[in-house]
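Trainee: In full-length UniProt numbering, the protein residues as written are 1 to 245. No residue lacks a Cβ here, since even glycine has one placed at the ideal position from N, Cα and C. As the structure is a computational prediction, the values presented were derived from the model and not from experiment.
1. So is the beta-carbon of residue 68 under 7 angstroms away from any non-hydrogen atom of the ligand FAD?
2. In angstroms, rounded to a whole number, what distance separates the CA positions of residue 34 and residue 175?
3. On a CA-only basis, which of 182, 168, 136 and 142 is nearest residue 156? Give me that one, please.
4. Should the region 218–228 be regarded as contacting the region 124–131, the criterion being three or more beta carbon pairs within less than 8 angstroms?
5. Buried or exposed, going by whether 16 or more other CB atoms sit within 10 Å of the CB of residue 26?
6. Rounded to the nearest angstrom, what separates residue 55 and residue 24 at their Cα positions?
7. Just to confirm, are residue 153 and residue 131 a CB contact at a threshold of 8 angstroms?
8. Taking 8 angstroms as the threshold (C-beta atoms), are residue 151 and residue 103 in contact?
9. Applying the criterion that 16 or more other CB atoms from any shown protein chain within 10 Å of the CB defines a buried residue, is residue 235 buried or exposed?
10. Can you give the Cα-Cα distance for residue 145 and residue 108, rounded to whole angstroms?
11. For residue 66 and residue 129, what's the separation of their Cα atoms in angstroms?
12. So, is residue 287 buried or exposed, given that buried needs 16 or more other C-beta atoms within 10 angstroms?
13. Evaluate residue 50 with the Cβ neighbour count: other Cβ atoms within 10 Å of its Cβ, from every protein chain shown; 16 or more gives buried, anything less gives exposed.
14. What does the Cβ neighbour count give for residue 11, buried or exposed, with the cut at 16 atoms within 10 Å?
15. In the structure shown, what three-state DSSP assignment does residue 225 receive?
16. For residue 238, does the count of other Cβ atoms within 10 angstroms reach 16, so buried, or fall short, so exposed?
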């Protein structure tokens with residue numbers, strides 16, 4: 001049945017459309033991970049123009065309730081439930097799990113040896129001639145929805161007795177144990193319009209618009225345990241900080 005919501009309160013029409021769609025999502029008419037009807041069908045169902053509908057959809061996306069995937073449509077996401085756990089970026093733990101609205105079905109890891117450069121000397125604060133470059137690939141279903149690139153000085157690998165060829169242990173260290181061992185970290189937030197992945201087929205969804213988290217993770221030493229670059233596509237990002245007076 002066609003719905004007509006044009007005669008509600010004197011407020012912007014797209015806000016009424018937003019409220020109606022939010023109610024439908026809350027009631028489970030559009031469950032998490034489901035795709036909303038196409039724009040023409042949804043506009044017809046709600047009795048509004050497509051331009052008005054787009055404004056409402058943009059507001060839903062800004063509020064972290066849906067995401068738009070180019071060529072596929074708009075999907076309901078579970079960011080509300082996920083972020084009810086009061087996840088704080090200021091707390092020392094892997095930031096991608098606190099800034100990414102999706103949960104990951106799979107995280108793959110691979111590494112390669114590299115020579116130290118002026119850049120690695122700068123970010124690792126050491127003159128190490130050898131470094132380990134570690135890549136992590138965050139997937140949901142068949143989609144690559146996040147990416148991390150890490151530098152670790154070879155001396156750090158040796159001091160920690162890391163078994164680089166044991167992927168399970170390496171991944172656990174990168175995702176969890178490093179944050180347990182660390183005393184503090186520093187995070188710089190930037191915006192990136194490119195994610196270059198040389199050794200893997202396929203690309204990160206939304207790779208041309210990503211939040212880039214540059215993280216230096218320290219133990220008690222003056223130089224970092226590792227330097228991380230986390231790429232979070234804008235459409236999956238939810239970055240929150242607790243600010244105190």
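Mentor: By the coordinates alone:
1. The ligand FAD is not part of this structure, which contains no ligands at all.
2. On the chain shown, residue 34 is found 34 positions in, with the first residue counted as 1. On the chain shown, residue 175 is found 175 positions in, with the first residue counted as 1. Computed Cα separation, rounded: 29 angstroms.
3. The sequence position of residue 156 within the chain shown is 156, counting from 1. When only C-alpha atoms are compared, the closest one is 182.
4. With a cut-off of 8 angstroms, the region 124–131 and the region 218–228 count as touching, because enough Cβ pairs lie within range.
5. Here the question's residue 26 lines up with position 26 in the chain shown. It is exposed - the Cβ of residue 26 has fewer than 16 other Cβ atoms within 10 Å.
6. Counting from one through the chain shown, the residue named residue 55 turns up at place 55. Counting from one through the chain shown, the residue named residue 24 turns up at place 24. Taking the CA atoms as reference points, residue 55 sits about 17 angstroms from residue 24.
7. As a working mapping, residue 153 is identified with position 153 in the chain shown. As a working mapping, residue 131 is identified with position 131 in the chain shown. Cβ atoms of residue 153 and residue 131: closer than 8 angstroms.
8. In the chain shown, the residue the question calls residue 103 occupies position 103. In the chain shown, the residue the question calls residue 151 occupies position 151. The criterion of a C-beta distance shorter than 8 angstroms is not satisfied by residue 103 and residue 151.
9. Translated into the one-based positions of the chain shown, residue 235 becomes position 235. Burial of residue 235 is indicated by the presence of at least 16 other C-beta atoms within 10 angstroms of its C-beta.
10. By one-based count along the chain shown, residue 145 stands at place 145. By one-based count along the chain shown, residue 108 stands at place 108. Distance between the alpha carbons of residue 145 and residue 108 is about 12 angstroms.
11. The count along the chain shown starts at 1 and reaches residue 66 at position 66. The count along the chain shown starts at 1 and reaches residue 129 at position 129. C-alpha separation (whole angstroms): 46 angstroms.
12. For the chain, the structure presents residues 1 to 245; residue 287 sits outside this window and is missing.
13. Locating residue 50 in the chain shown gives position 50, counting from the first residue. The Cβ neighbour count for residue 50, taken over all protein chains shown within 10 Å, is under 16; the residue is labelled exposed.
14. Taking the first residue of the chain shown as 1, we reach residue 11 at position 11. Burial call: exposed.
15. Here residue 225 refers to the residue found at position 225 when the chain shown is read from its first residue. Shown here, residue 225 sits in a strand according to DSSP, grouped into three states.
16. Looking up residue 238 in the chain shown gives position 238. It is buried - the Cβ of residue 238 has at least 16 other Cβ atoms within 10 Å.
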